[in-house]
Amino acid sequence: MREYWPLFYVCVSVLSIERTKMLFCNRTYAKDVILTAKKYNRTNKLRFVTLKFDLLVPIDNTLTCNFYLYELLSNVYKRSFVEFHIAACDVLTKDNLVGAMLKEAYFRMPAELRPMKTFVCPVPPGNYTFLDMNLNLFVWPENFPFQEGRVYVNFTVRDQIVASLYLDFIIKLIK
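Counting along the sequence shown from 1, when you hit position 120 you're at 119 in numbering that gives the first Met the number 0, and nothing is skipped either side.
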C-alpha cells in the first residue's frame, strides 16, 4: 500500500505564557494572591495560567488596568510602543482578549464555588479562582510586532498602584 505524505502542515499560532511573577499586592485590596504558569505534561507545548485571590473590596471602574509590553531583544526586555490602559469593568465586560479569557476561566469553576452567578461589574468581595487561562489568538492581531516578550500589568486606583505583576510570553507555531 502506498503511503501519502501531506503537501502542507497546518500550523497554529499560540501564545504560551512561560513565566509569571506577582511583584506587589496591596493587602487592603486582596490577600492570598497566587499566580502560576504550568504545563500539564511534557508533550504539551502550552502553559496555562492560574490566578487565585481573596478580594477584600469591590472592583469597579475606579480600578485601572495598565498593560505595558516589552520585547525580548538580545536577552534584555526593552519597552515597546505597545501599551494600553483600560478600566477594570471595561476589561471584564467589553474586552475580547483578556476579558474573554477571564470569563471562560471563571465559568470553568463549579457554580457553587463562584462568588457571583454572572460575571458582572462591580465585582463583589470574595474568593476568586481563574483556572487554566490561555489567550485566544484568533482575536490577537496577526501582524503583532514581536514574537517573544514580557507584559507588565499594573492595577491602579486613583494613580496609586494596588497590584503589579508580569508575564513572559512566546508566540509559537504548533504543527
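Note that beta-carbon positions come from the ideal geometry of N, C-alpha and C, so glycine has one too.
Closer than 7 Å: residue i CB and nearest the ligand FAD heavy atom
i: G125; result: Ligands displayed in this structure: none; no statement on the ligand FAD is therefore possible.
Simplified DSSP assignment, three categories, for residue i
i: T155; result: strand
i: V97; result: helix
i: S163; result: strand
i: P121; result: coil
i: K44; result: coil
i: L134; result: coil
i: Y105; result: helix
Spatial distance of residue i from residue j (CA atoms)
i: I58; j: L71; result: 33 Å
i: V48; j: Y151; result: 15 Å
i: D31; j: D167; result: 22 Å
i: C88; j: N153; result: 15 Å
i: K44; j: V56; result: 37 Å
i: Y8; j: K171; result: Only weak support exists for where Y8 lies, its pLDDT of 49 falling under 50; the coordinates are left without a value.
i: F83; j: K77; result: 16 Å
Limits of the alpha helix (DSSP H) - the one that residue i falls within
i: C88; result: A87 to K93
Opening and closing residue of the beta strand (DSSP E) in which residue i lies
i: V48; result: F47 to L54
i: Y69; result: L62 to L72
Supposed close pair residue i, residue j - CB separation, criterion 8 Å
i: A99; j: L130; result: About 15 Å; that fails the 8 Å criterion.
i: N65; j: T128; result: Actually they do not touch by this definition, with Cβ atoms about 24 Å apart.
i: A29; j: A162; result: 7 Å
DSSP beta-bridge partners of residue i
i: M21; result: L164
i: T35; result: T49
i: A172; result: Residue 172 is actually Leu in this sequence, not Ala. L172 is bridged to S12.
i: N126; result: D53
i: F143; result: Answer is none; F143 lacks a bridge partner.
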